[in-house]
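Contents: one structure, followed by commentary.
What follows is the structure in C-alpha cells.
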C-alpha cells in the first residue's frame, strides 16, 4: 500500500472540514429522509440515527482533533543492533484495508474514516440501510475531499451490499481485506464472526455493571448511578446492572430511595428475588438471559450481593467486558475490584459514561474494543496501526 505523507493526509482532512461545514444543511436534509422512513419503536437506534447541527459540529470537531494528532505511521518502537551486526528496527505500519460494519450512526462514516485514513489505511464502510441517505452524502463529501487533493476515491468508500451479499463478501472478499470491525448489537457481531475470513476486532456489547459496596458514599452513589443510566441510553457505556451489598447501612431505606430516584427519571426496574422482597411492586428477572442483556433503554436491573467477591464473580460471568464501576470509600476494595474485574475499563466512584475516546484523552475513536488482541478499550488513531520489522544486514546468513 502506498504511504501518504502527513501533509497530504492533513490537506484532505482540512478539505473535509470545509466541505462538511458547507454542506451541513444538505447533510441534515438527507438525514431527515432516513428519520422519516425509520420505525421509532427502537428509540436507542433512532437516537443514533439523528444528525442535527450539534452532530455536524461533532463530525467537524472529530476531524480537527485527528488532523491535529501526530501521524501514527512509521514511528520507531524499538531499534537494536545484535552482536552479529544485524540491525533490527521495529516501526508502526498501516493495517492495509479495514472494513467497518455498523448500524444506524452516520457519524461513524466520518469518525471511522478519518481515523483509518490518517493511519494510512483504506476503509470500506458498510452502514445500515436505515442511514443510506445520510451515508451517501457523507461519502460524496469524502470523495470530493480526496479528489480535491489528487487522491483516488477508493481510499474511502461505502459498500452497497444486501445481507446475503455481505455474507459472501466476508467469506470470499473480492479485494484484500486486513481487518473487520463490527459496531452494533450482538447479532451483528455474531454475523461477522461467523462469516469473516480475516481478523475481526470486536467492539462488544455494553451490559455494564455498578457495584455499591457497604461503605459507599450514598450521595456519590445516587449521582453516579443516575448519570451512568440516563445520560445517554443508546451509548454502549450506559449502565445496565446494579449490585447492592446487603450490608449497607439502612439497606431497605436506601433500596427504596433508589427506586424513587429511578422512577423520577422514568427508568423501569427489574429486581432479583432478594431485592424483590423490599421492592415488592417491581418485576422480578424473568430468566438468567436477562443478566446477559444490554438494555439500551430506560431500564435497569437491581440485585443483592453478599460481598465484593460475589460482585466480581457476577460481573465477570455476565458482563460484556466493556465497563464496570465500584462505589466505595475504601481504596483497597477499589483496587481489588479494578484488578480482578475483567473489563476494558474499570471505575472507582465514577460513571461508566466516560468509556469514550474523547473523554479518555484518545480523541476520536473507531470503537470500544472488548478484545484483548490487539488492543482493548477506545480504538483511537494510535491503535489503528500494526507493526513491521526492518532488518538490515551485510550478507548475513543464519548458521
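Residue numbers (the numbering used here): 1 to 399. Heads up, the beta-carbon is just placed ideally off N, CA and C, and yes, glycines get one too.
Residue i classed as buried or exposed, judged by whether at least 16 other C-beta atoms fall within 10 angstroms
| i | result |
| --- | --- |
| residue 52 | exposed |
| residue 145 | buried |
| residue 400 | Absent from the structure is residue 400, since the part of the chain shown begins at 1 and ends at 399. |
| residue 37 | exposed |
| residue 245 | buried |
| residue 324 | buried |
| residue 405 | This structure does not reach residue 405, given that the chain is present from 1 up to 399, and the question cannot be answered. |
| residue 319 | buried |
| residue 395 | exposed |
| residue 85 | exposed |
| residue 34 | buried |
| residue 393 | exposed |
Residue span of the beta strand (DSSP E) that contains residue i, given as start and end
| i | result |
| --- | --- |
| residue 112 | Taken as a continuous stretch (DSSP letters only), residue 112 belongs to no beta strand (DSSP E), being part of the alpha helix (DSSP H) at 108–118. |
| residue 49 | It is not in any beta strand (DSSP E) - residue 49 instead sits in the alpha helix (DSSP H) that spans 43–49. |
| residue 87 | 87–94 |
| residue 3 | Run containing residue 3: none; DSSP gives neither H nor E here. |
| residue 233 | Premise fails: residue 233 is in no beta strand (DSSP E) and is neither H nor E. |
Supposed close pair residue i, residue j - CB separation, criterion 8 Å
| i | j | result |
| --- | --- | --- |
| residue 104 | residue 30 | 15 Å between Cβ atoms; not a contact. |
| residue 111 | residue 62 | 5 Å |
| residue 101 | residue 202 | Incorrect: roughly 12 Å between the Cβ atoms, too far for contact. |
| residue 124 | residue 166 | So it is not a contact: roughly 11 Å between Cβ atoms. |
| residue 227 | residue 351 | 4 Å |
| residue 137 | residue 25 | Incorrect: roughly 11 Å between the Cβ atoms, too far for contact. |
| residue 93 | residue 388 | 4 Å |
| residue 235 | residue 353 | 7 Å |
| residue 60 | residue 19 | Actually they are not in contact, since the Cβ atoms of residue 60 and residue 19 sit about 10 Å apart, beyond 8 Å. |
The alpha helix (DSSP H) enclosing residue i, as first and last residue numbers
| i | result |
| --- | --- |
| residue 210 | Taken as a continuous stretch (DSSP letters only), residue 210 belongs to no alpha helix (DSSP H), being part of the beta strand (DSSP E) at 208–212. |
| residue 53 | 53–68 |
| residue 38 | Run containing residue 38: none; DSSP gives neither H nor E here. |
| residue 20 | 6–22 |
| residue 76 | Taken as a continuous stretch (DSSP letters only), residue 76 belongs to no alpha helix (DSSP H), being part of the beta strand (DSSP E) at 76–81. |
| residue 391 | From DSSP, residue 391 is part of no alpha helix (DSSP H) but of the beta strand (DSSP E) over 385–392. |
| residue 225 | 218–230 |
message: In chain order, what are the residue ranges of uninterrupted alpha helix (DSSP H) at least 4 long that sit wholly in the stretch 236–320?
response: 251–264, 273–276, 289–292 and 308–318
- request: Jot down the residue ranges of each uninterrupted alpha helix (DSSP H) in the stretch 118–167, minimum 4 residues, whole runs only, in chain order.
  value: Runs found: 132–148.
message: Within 8 Å, do at least three Cβ pairs link the stretch 149–157 to the stretch 1–19?
response: yes
- prompt: Considering only residues of the stretch 321–380, which uninterrupted alpha helix (DSSP H) runs meet the minimum length of 4 residues and lie entirely inside it, listed in chain order?
  reply: 331–340
- request: Inspect the CB distances between the stretch 114–121 and the stretch 379–386 and report whether three or more fall short of 8 Å.
  value: yes
- request: Could you say if the stretch 279–299 and the stretch 235–242 meet the contact criterion of at least three C-beta pairs nearer than 8 Å?
  value: yes
query: How about the stretch 249–256 and the stretch 358–367: do they share at least three Cβ pairs that are nearer than 8 Å?
result: no
message: Check whether the stretch 326–342 and the stretch 182–192 are in contact - that is, three or more C-beta pairs closer than 8 Å.
response: no
query: Can you list the alpha helix (DSSP H) stretches of 4 or more residues lying completely in the stretch 175–210, in chain order?
result: 186–195
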